[in-house]
Amino acid sequence: MAGGGRRARPLTGGTPDAGHTARRQGLRPVTDGAARFARRPEDEQRLVVRALVQFCVQARATETDVPEAIARSGIRPTYTPAVMLTRWRLNMAQLPAYDLPRAFRLLVALLAVADTRRRARDCVERCHHAWHHLATRPGAGPATT
Numbered sequence: 000m001a002g003g004g005r006r007a008r009p010l011t012g013g014t015p016d017a018g019h020t021a022r023r024q025g026l027r028p029v030t031d032g033a034a035r036f037a038r039r040p041e042d043e044q045r046l047v048v049r050a051l052v053q054f055c056v057q058a059r060a061t062e063t064d065v066p067e068a069i070a071r072s073g074i075r076p077t078y079t080p081a082v083m084l085t086r087w088r089l090n091m092a093q094l095p096a097y098d099l100p101r102a103f104r105l106l107v108a109l110l111a112v113a114d115t116r117r118r119a120r121d122c123v124e125r126c127h128h129a130w131h132h133l134a135t136r137p138g139a140g141p142a143t144t
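In numbering that gives the first Met the number 0, the protein residues as written are 0 to 144.
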């Protein structure tokens, strides 16, 4: 690539990849995803955060999910992304660069809370989405963090 810059890896185009799904279901540690996120350039981090917000909306996250998401994320409730989420402000891609990793952890946790509730309510026995059944694969199980 001209100018010595890195070629941007394509994002998922609005569909969570297997890694996002496995982290959300507790099959892969969030720290793995956070480390991969931290290695991305800032502009890609912003795109990932924007996509995570869309995934949370698709999973029907609600304001009542926020306290559990903050607790699961491990970030302080006083950090800007947590405060924004308690006020249901989802434009986290606009945060300063140092807050993007916090937003990532928080949004993955929010997605996990919302998706767990949705799968328990809507996908019991009649769901044929392979990504909702990762834990039933041989050798799969909860990841240690």
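Using N, Cα and C, we set each Cβ at its ideal position, and we do this for glycine too.
Since we're looking at a predicted model, the values are computed, not measured.
| Three-state secondary structure (DSSP) at R22? | Note on R22: pLDDT 49, under 50, position unreliable in the model; no value is reported.
| field | Cutoff 7 angstroms; reference T85; Cβ partners in own chain excluding five residues on either side | value | V65
| query | Excluding five sequence neighbours on each side, which residues of the same chain lie with their C-beta closer than 7 angstroms to the C-beta of R88? | reply | none
| request: Kindly indicate which three-state DSSP category A108 falls into: helix, strand or coil? | output: helix
| Backbone CA spacing between R101 and P80 [nearest angstrom] | 7 angstroms
| task | Can you give me the Cβ contacts of L94 inside the same chain, cut-off strictly under 7 angstroms, excluding the 5 residues immediately before and after it? | result | T79, P80, A102
| request: Would you grab the beta carbon distance between A96 and E43 for me? Rounded to a whole angstrom, and I think it's under 8 angstroms. | output: A96 to E43, Cβ: 12 angstroms. No contact.
| query | Just how far apart, CA to CA, sit M83 and V112? | reply | Whole-angstrom Cα-Cα distance: 17 angstroms.
| field | Delimiting residues of the alpha helix (DSSP H) encompassing T85 | value | 79-85
| L46, DSSP secondary structure in three states | helix
| task | State yes or no: is the C-beta of V56 within less than 7 angstroms of the C-beta of L99? | result | The Cβ atoms of V56 and L99 do not sit closer than 7 angstroms to each other.
| query | Between A108 and A60, is the Cβ-Cβ spacing less than 7 angstroms? | reply | no
| request: Work out the CA separation of L51 and R116 for me, nearest whole Å. | output: 17 angstroms
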